[in-house]
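**Q**
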Amino acid sequence: MESTPSRDDDRHRDAEADALLETLLDSLLNDFAHWFNRGEELLAVCPDQVMAADQRQAMAVRLEEGRKAIAATRALIDASPQAMAVSMEAMGPWHQLVTEVWALAARVSQAAR
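Read in numbering that gives the first Met the number 0, the sequence shown has 80 at position 81, and its numbers run on one by one without any break.
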C-alpha cells in the first residue's frame, strides 16, 4: 500500500526549504556587503595612476548605492512572513560591481609592487 505525504510532511519540507533559502541568501548578501566594503577600503588607498579621482568618486557612489540596495533587500526579507528570493536581474549590477572591486584590487596590488 502506497502512502501519500501528509500536510504536516509538506509543511515540514516547506519550512526546511525556506530555512535553506534564507541561509543561502544571507550568505550571498554578506558576500556582496563584504566586497562593497572592501571596495571602499581600496578606493581610500588607490593611487591616481591606478584610477583617477573622478573615477574613484563615481565608483564610491556606486558602492554606496550597492550597500543601500543590500540593506533594502534585507529589510524586505525581514519584513516578509515567507522566504524570499532575489532575482538575477536585481543581483546582476551587484555582481558586476564586485568584479570591478576584484579588478581594482589587482591593479592596486600591482601598483604597490
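The beta-carbon is built from N, C-alpha and C at its ideal position, and this holds for glycine as well.
Predicted, not measured: the structure shown is a model, and the values here were computed from it.
Measure from the C-beta of A68 to each C-beta in chain B and report whether the shortest distance is under 8 Å.
**A** The structure shown contains no chain B; it holds only a single protein chain.
**Q** Kindly indicate which three-state DSSP category D17 falls into: helix, strand or coil?
**A** Taking the first residue of the sequence shown as position 1, residue 17 is located at position 18. It is helical.
**Q** Need the endpoints of the alpha helix (DSSP H) that V100 sits in, please.
**A** Taking the sequence shown and counting its residues from 1, one reaches residue 100 at position 101. Residues 87-111.
**Q** Verify whether the separation of the beta carbon atoms of L62 and E88 is less than 8 Å.
**A** Residue 62 sits at position 63 when you count from the first residue of the sequence shown. Residue 88 sits at position 89 when you count from the first residue of the sequence shown. Cβ distance not < 8 Å, so L62 and E88 don't count as in contact.
**Q** Just the C-alpha distance for R37 and Q48, rounded to the nearest angstrom, thanks.
**A** For the purposes of this step, residue 37 is taken as the residue at position 38 of the sequence shown. For the purposes of this step, residue 48 is taken as the residue at position 49 of the sequence shown. If I take the Cα positions, the gap works out to 20 Å.
**Q** Mind checking which residues open and close the alpha helix (DSSP H) that includes V60?
**A** Here residue 60 is taken as the residue at index 61 of the sequence shown, counted from 1. Segment 52-78, the alpha helix (DSSP H) holding V60.
**Q** On the three-state DSSP scale, how would you describe V44?
**A** As a working mapping, residue 44 is identified with position 45 in the sequence shown. In the structure shown, V44 sits in a helix (DSSP, three-state: H, G or I).
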